[in-house]
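Input: a single structure, listed below in structure tokens.
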Amino acid sequence: MKVRLEKPYALPCLHTYCIRPCLKAYLKNCSRNQMRPSCPVCRSTFRKSDMKPNWQISSVIKVLGVERTNDVEQTDIDDDESNNANSSKTTT
21 MKVRLEKPYA LPCLHTYCIR PCLKAYLKNC SRNQMRPSCP VCRSTFRKSD MKPNWQISSV
81 IKVLGVERTN DVEQTDIDDD ESNNANSSKT TT
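Position in the sequence shown (from 1) plus 20 gives the number in my numbering.
So this is what it looks like as structure tokens:
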């Protein structure tokens with residue numbers, strides 16, 4: 021399934037994520053669990069009001085028509101698991 025990336029926002033730490041599909045679900049989950057959201061990369065906490073639109077990334081998404089596919093994500097996960105399994109079998 022393809023999901024169009026929409027409305028990229030920069031966090032105070034300057035990492036950027038799209039509202040849909042990523043940030044919207046994450047913020048909803050944080051609110052439901054009464055947790056303060058944190059950046060998935062650097063773990064710095066932020067408030068929703070701290071997020072600012074990232075117009076540069078938005079322009080790139082519009083020009084390239086960037087989409088996120090679940091197939092690509094699953095392939096990446098499978099590759100990582102395969103690499104981890106292979107490295108745990110290696111002995112020195």
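Note that the Cβ used here is the ideal one computed from N, Cα and C, for glycine as well.
{"Query": "So, for tryptophan 75: in the same chain, excluding its five sequence neighbours on each side, which residues have a beta-carbon less than 6 Å away from its beta-carbon?", "Result": "none"}
{"Query": "In chain order, what residues of the same chain lie with their CB nearer than 7 Å to the CB of isoleucine 77, ignoring the 5 residues before and after it?", "Result": "Pro28 and Thr36"}
{"Query": "Beta carbon of leucine 113, beta carbon of methionine 71: below 8 Å?", "Result": "Examination of residue 113 is not possible in this model, given that the chain is present from 21 through 112 alone."}
{"Query": "Taking the alpha-carbon positions, what's the serine 64 to leucine 47 distance?", "Result": "14 Å"}
{"Query": "State the CB to CB distance for the pair proline 57 and phenylalanine 66, rounded to an integer number of angstroms; the pair is presumed to be in contact (CB under 8 Å).", "Result": "6 Å"}
{"Query": "Taking the alpha helix (DSSP H) that lysine 82 belongs to, which residues open and close that run?", "Result": "75-84"}
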